[in-house]
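What follows is one structure encoded as structure tokens, with my remarks underneath.
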Amino acid sequence: MDNNQGSKESSDRTELVSEDGKNTKSVLCQRCGSKVLCPAMAVFTETELFLPSMRKKSSLSTTEGSVDGDNLTAHWLVDDMYTFENVGFTNDVGRIKYLICADCEIGPIGWHCLDDKKKFYIALDRVNHA
Ligand SMILES: [Zn+2]
Numbered sequence: 001m002d003n004n005q006g007s008k009e010s011s012d013r014t015e016l017v018s019e020d021g022k023n024t025k026s027v028l029c030q031r032c033g034s035k036v037l038c039p040a041m042a043v044f045t046e047t048e049l050f051l052p053s054m055r056k057k058s059s060l061s062t063t064e065g066s067v068d069g070d071n072l073t074a075h076w077l078v079d080d081m082y083t084f085e086n087v088g089f090t091n092d093v094g095r096i097k098y099l100i101c102a103d104c105e106i107g108p109i110g111w112h113c114l115d116d117k118k119k120f121y122i123a124l125d126r127v128n129h130a
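FYI, in UniProt numbering the residues of the sequence shown are 1 to 130.
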């Protein structure tokens, strides 16, 4: 699967994604630096998911009406929650659980649907890479 699109966005990402599509760097919380994933533990994937704006856990599970947030397309995909070094979850929001930092509880940094237990997504835009 060659990805020769050559856009600016993907040239940024070539630093983060290895030739076999995995993360070259550790994935860290943007706020406290807690380690979420070790290098080469996740696979880069593009799929459009809606994540509410970053906030503390307490206000994440009380979603009334419309929620402001972003449609994000670039994610790290992990098939087993034990792959994570540290990660927390919100309470279910419908069939969705959002992934949050296990230490400072900021989020959502990722997305998980209860209908597919083998797909945990971490949004590249919501984490640091180091
Ligand atoms: Zn944190």
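Don't be surprised by glycine CBs; every beta carbon is placed ideally from N, CA and C. Bear in mind that the values here come from a model prediction, so they are computed numbers and not experimental data.
When you compare only the Cα positions, how much space is there between residue i and residue j?
i, j, result
"Leu99", "Gln30", "14 Å"
"Asp125", "Leu72", "8 Å"
"Met41", "Val17", "11 Å"
"Gly94", "His112", "11 Å"
"Ile96", "Glu19", "31 Å"
"Asp103", "Val36", "10 Å"
"Ser34", "Leu77", "19 Å"
"Phe120", "Asp12", "23 Å"
"Glu48", "Ala74", "8 Å"
"Cys32", "Asp92", "24 Å"
"Ser26", "Pro52", "24 Å"
Out of the options, which has the shortest C-alpha to C-alpha gap to residue i?
i, options, result
"Val67", "Gly33, Asp115, Phe50", "Phe50"
"His129", "Gly21, Asp12, Leu28", "Leu28"
"Phe84", "Thr45, Asp12, Ile122", "Ile122"
"residue 188", "Asp70, Met81, Ala74, Arg13", "The structure shown does not extend to residue 188, since the chain is modelled only from 1 to 130, so the question has no answer here."
State yes or no: is the C-beta of residue i within less than 9 Å of the C-beta of residue j?
i, j, result
"Thr90", "Gly107", "yes"
**OP:** Considering only heavy atoms of ligand 1, list every residue whose Cβ is less than 5 Å from one of them, following chain order.
**Re:** Applying a distance threshold of 5 Å between residue Cβ atoms and the heavy atoms of ligand 1 selects Cys29, Arg31, Cys32, Ser34, Cys101, Asp103, Cys104, given in chain order.
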